[in-house]
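The block underneath contains the structure these notes are about, expressed in structure tokens.
Number of protein chains: 2
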Amino acid sequence: MNNNYNSDTICALATGGGISAIALLRISGDRSIEIVNKVFSKNLTKKESHTVHFGNIIIDNKIIDEVVITIFKKNQSFTGEETVEISCHGSKYIQNKILEILINNGIRLANPGEYTMRAFKNGKLDLSQAESIADLIESESEAAHKTAIQHLRGGFSKKLKLLRQKLIDFASLIELELDFSEEDVEFANRNQLNNLLNELKSEINVLIDSFKLGNVIKNGIPVAILGAPNVGKSTLLNLLLNEDKAIVSDIAGTTRDSIEDEINIKGYNFRFIDTAGIRKTDDTIENLGIEKTINHADKSNIIIYLIDASQNIDNQLDNLENLSKENQKKIIKVINKIDLNKNLDISTNEHILISAKENFGTDELKNRIFDFTNLNALDNNNTIVTNQRHYEQLKKTLSELKIAIEGLNNGLSGDLLAINIKQSLFHLGLITGEVTTDDLLSNIFGKFCIGK
Amino acid sequence: MNNNYNSDTICALATGGGISAIALLRISGDRSIEIVNKVFSKNLTKKESHTVHFGNIIIDNKIIDEVVITIFKKNQSFTGEETVEISCHGSKYIQNKILEILINNGIRLANPGEYTMRAFKNGKLDLSQAESIADLIESESEAAHKTAIQHLRGGFSKKLKLLRQKLIDFASLIELELDFSEEDVEFANRNQLNNLLNELKSEINVLIDSFKLGNVIKNGIPVAILGAPNVGKSTLLNLLLNEDKAIVSDIAGTTRDSIEDEINIKGYNFRFIDTAGIRKTDDTIENLGIEKTINHADKSNIIIYLIDASQNIDNQLDNLENLSKENQKKIIKVINKIDLNKNLDISTNEHILISAKENFGTDELKNRIFDFTNLNALDNNNTIVTNQRHYEQLKKTLSELKIAIEGLNNGLSGDLLAINIKQSLFHLGLITGEVTTDDLLSNIFGKFCIGK
Chain A
21 MNNNYNSDTI CALATGGGIS AIALLRISGD RSIEIVNKVF SKNLTKKESH
71 TVHFGNIIID NKIIDEVVIT IFKKNQSFTG EETVEISCHG SKYIQNKILE
121 ILINNGIRLA NPGEYTMRAF KNGKLDLSQA ESIADLIESE SEAAHKTAIQ
171 HLRGGFSKKL KLLRQKLIDF ASLIELELDF SEEDVEFANR NQLNNLLNEL
221 KSEINVLIDS FKLGNVIKNG IPVAILGAPN VGKSTLLNLL LNEDKAIVSD
271 IAGTTRDSIE DEINIKGYNF RFIDTAGIRK TDDTIENLGI EKTINHADKS
321 NIIIYLIDAS QNIDNQLDNL ENLSKENQKK IIKVINKIDL NKNLDISTNE
371 HILISAKENF GTDELKNRIF DFTNLNALDN NNTIVTNQRH YEQLKKTLSE
421 LKIAIEGLNN GLSGDLLAIN IKQSLFHLGL ITGEVTTDDL LSNIFGKFCI
471 GK
Chain B
21 MNNNYNSDTI CALATGGGIS AIALLRISGD RSIEIVNKVF SKNLTKKESH
71 TVHFGNIIID NKIIDEVVIT IFKKNQSFTG EETVEISCHG SKYIQNKILE
121 ILINNGIRLA NPGEYTMRAF KNGKLDLSQA ESIADLIESE SEAAHKTAIQ
171 HLRGGFSKKL KLLRQKLIDF ASLIELELDF SEEDVEFANR NQLNNLLNEL
221 KSEINVLIDS FKLGNVIKNG IPVAILGAPN VGKSTLLNLL LNEDKAIVSD
271 IAGTTRDSIE DEINIKGYNF RFIDTAGIRK TDDTIENLGI EKTINHADKS
321 NIIIYLIDAS QNIDNQLDNL ENLSKENQKK IIKVINKIDL NKNLDISTNE
371 HILISAKENF GTDELKNRIF DFTNLNALDN NNTIVTNQRH YEQLKKTLSE
421 LKIAIEGLNN GLSGDLLAIN IKQSLFHLGL ITGEVTTDDL LSNIFGKFCI
471 GK
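Here the protein sequences come in this chain order: A and B. For what it's worth, my numbering labels the leading residue of the first sequence as 21, then goes sequentially. For what it's worth, my numbering labels the leading residue of the second sequence as 21, then goes sequentially.
Given below as structure tokens:
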């Protein structure tokens, strides 16, 4: 798609906005160099693309700041448009003042995501690549980063375009049949079409299935900590959180907002959920708490069931009966407080022994959690769907494909088959942006931050 | 000064650190290009200074990010050293990961202010200019920005160096006398020396006096709002604050952390202090509140005395007797709630009539506040001292000058005069960095943020 769009010159802050050593303002559009040139101490009009120029931003004979300006000529920038970047001192006053100056000289403040939208409209990125930029910026774990950069690099798009092209080829053969409809010819071999549709169906099924993983990679893999009251659930959680924070702070000078209950294990984020203690009871109020706990268990990929080594272990294991079969499959049994019961005689295959108090056994616990998720399988570069919108369009594609397959099996005529095949193409095309609407675009890019 | 220093290669994040469209990492030192080259997808070793290169940061065959790299060759950068800037996507994961990669390849994380310290040590800036960078970054008002950029541009340094040079010339003549001390000659004309010392004394006095203004420009001009209980002090303050915020938010898309009680009037920040109501009373506890109020008044440059138009005005004016003569000079009398007493018969020269409730009269009030401070006088480009350290060194210089002048008037010999003149030179030199110590430098630059 390359429809016309408003290509006036836009500006925005691309960096964080607070006080910092340096801030970066980005200007994109046909008049970028011309307008910045009016307020810069050196003449930029004849400078080459990809060059850097030190000088002053001057307005009314007053120096606003000493800045470094980078020039990107048309077709050689991120947006595909002529682009100027101003690297200024990171005071809020200066950042606002320079924006104000640019606006007063006829540059418009960019809308959220407008740079990336322009890059898309100029064919620099397809839609799914453009969307992955937002994911990339928000990625907090190695895994989320990995899937985002894979999408940015076009891995996902390439796969979809390949599938779509196969379908387009058949669709045009069917269209051809329609032109000759009175002659009852079949240009599109029905067996081959059936094979293709089934092949597409199974490939799209794999992509749809990957979303479950993609979604947890993006948002953190939920882990519920269950156990009777006072078995040390909060102590364990705090211990894991503190270890994680210590690792992060090893990269000196880098800051990370603490995410209350997220723990990074081997590059993946796990969202730990502390729950109310569970035990057999007839008390109504307590049962409500247990219901909530079971709800947490249902939504988790992993359940850590914590057992107190100093109490009767069998009794505590009995509580697991409260959980559904499905939930029981997710359980890792962890025996805590082994410092209080050092002669414990129990299988260490089935149970992990830890002492949250004495910080013993947490490494093994983390390894077990990681192995449990089977995340290593990710490393073979399978395509993972992470975006809710893509997921929904894939489901719609699948639904159309199923109808087409059914129709084909029932000997439906080409003109009717064509409807569902075209719908499949439409939904697939919406993902990569080969098909698009203004509403869709403003919906996607409106969620971006300003400056991107 | 240009003593040796550790010129190993350093790196740090130069932008805000949070999630943003773009983040900027800065690398400075002899091995900058060599090391970045190891993890970049293109060969940077033969690229020109001030050029920009798009490519990938790659480690273990994995793409970490698509980045834009800018190269500054030795003697052509801010620090004076070979410098590389990496502009990456602003995810916290990517920022930390690239820093980690650089550190693993032998680049050290920069200390706070280390870039600016290197710029100073390489003679790119003098000390007072280097210090002004921290002020520039923190400047929140037009006025604070103006003085900071004036200092960065070297206005203050030039003035000091000129004064110091004059003194050095005399000092060397006196030194010469000491070499010929047995011959009782006077190379340094005592009348001229006396004139010079007095001239210096008066110029330094002006600079010292300017600090009072410089300090309030930097930190906001304190304004106390006084008045009897319930005259509408808080309502007025909220009204002024909201108007200010509305103005700020006019520059769409720019954010500014709200500073609880700071209001910008014509480019200057005023710090408004709401106080407990004052009235004549014998109550001990209430008197304590009044004492605090008077304390606020003492520390303010301006006192807004708020009067309730619907109450007896003379009674309220009587309360002003509580204030010292000094404080009475700072008063702007403001009559509030004129909506409740529209037929009020009172001089509008001496009083400003407002209705905080109906938002009437606030423009006039702000004009009066601004005129009161005589800040317009600033526009004639006088040098303003804004830095506490400079202020203290100027006071020490002055004290030495006074002793020298006294000694001169008492016919003190050259060798004794020389001591105080050298001390004056020492303190002046500490400001611009012509004299310096490692302690001084780590003290100054340690207060900078990392990345500057």
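For glycine and all other residues, C-beta sits at the position ideal for the given N, C-alpha and C. Predicted model only: the values in this text are computed from it and were never measured.
Note that the C-beta distance between S27/A and R128/A is not below 9 Å. Taking the beta carbon of K179/B as reference, no residue of chain A falls within 9 Å; the closest one sits roughly 18 Å away.
Within chain B, the C-beta atoms nearer than 9 Å to that of E162/A come from Y113, K117, in chain order.
K350/B is not a Cβ neighbour of I327/B, given a cutoff of 9 Å. Close CB contacts of I423/A within its chain, under the 7 Å cut and outside five residues either way in sequence, are with N440 (chain order). Y135/A sits close to R46/A, with the two beta carbons spaced by under 9 Å.
R291/A and L172/A have their C-alpha atoms some 26 Å from each other.
Counting along the chain, R291/A sits inside no alpha helix (DSSP H); it lies in the beta strand (DSSP E) bounded by residues 288–294. Residue environment for L233/A: buried (at least 16 other C-beta atoms within 10 angstroms of its C-beta).
In the three-state reduction of the DSSP assignment, I441/B falls in the helix class. Proximity of the stretch 235–246 of chain B to the stretch 355–362 of chain B falls short of the contact definition, fewer than three beta-carbon pairs being nearer than 8 Å. Taking a Cβ-Cβ cut-off of 8 Å, the neighbours of G471/A in chain B comprise S40, A41, I42, given in sequence order. Annotated as proximal: L260/B and K386/B, with beta-carbon spacing under 9 Å. If you draw a straight line from the Cα of D318/A to the Cα of R388/A, it comes to about 20 Å. Between the C-alpha atoms of D199/B and L187/B there is a straight-line separation of about 19 Å.
Distance check between V405/B and each of N225/B, L64/B, Q331/B, H70/B places N225/B closest, using alpha-carbon atoms only. If you ignore the 5 residues before and after E162/A, its C-beta comes within less than 6 Å of the C-beta of G287, all in its own chain and listed in chain order. Counted as a single uninterrupted DSSP element, the alpha helix (DSSP H) harbouring A154/A occupies residues 147–158. In this model, K117/B and S152/A are separated by some 18 Å (Cα to Cα).
The beta carbons of N321/A and T417/A sit no closer together than 9 Å.
The beta carbon of S148/B sits no closer than 9 Å to any beta carbon of chain A. In the three-state reduction of the DSSP assignment, N387/A falls in the helix class, which pools H, G and I. Closest option to Y325/B, judged by alpha-carbon separation, among L193/B, L246/B, N463/B, T99/B: L246/B.
Residues of the stretch 87–101 of chain A with a C-beta atom less than 7 Å from some C-beta of chain B are T90, listed in chain order. With respect to the 9 Å criterion, I464/A and N131/A are not classified as neighbours on the basis of their beta carbons.
In terms of beta-carbon proximity, H171/B stays away from the interface with chain A, with every pair separated by 9 Å or more.
About 19 Å separates the CB atoms of L119/A and I91/A; that is not less than 8 Å, and the two are not in contact.
No residue range can be given for I404/A, since it is assigned to no beta strand (DSSP E) and is classified by DSSP as neither H nor E. Following the DSSP letters along the chain, one finds H70/A in no beta strand (DSSP E), marked with neither H nor E. The beta carbons of S148/A and I39/A sit no closer together than 9 Å. Of G36/A, I53/A, T35/A, N356/A, the smallest CA-CA separation from T29/A is found for I53/A. Following the DSSP letters along the chain, one finds G247/A inside the beta strand (DSSP E) bounded by residues 241–247. At a Cβ-Cβ threshold of 9 Å, K144/B and F98/B count as neighbours. Residue range 82–92 is occupied by the beta strand (DSSP E) that includes K82/A.
For S159/B, the chain A residues whose Cβ falls inside 8 Å of its Cβ are S111, Y113, I114, in order along the chain. Interface with chain A (9 Å Cβ-Cβ cutoff): Y135/B is included.
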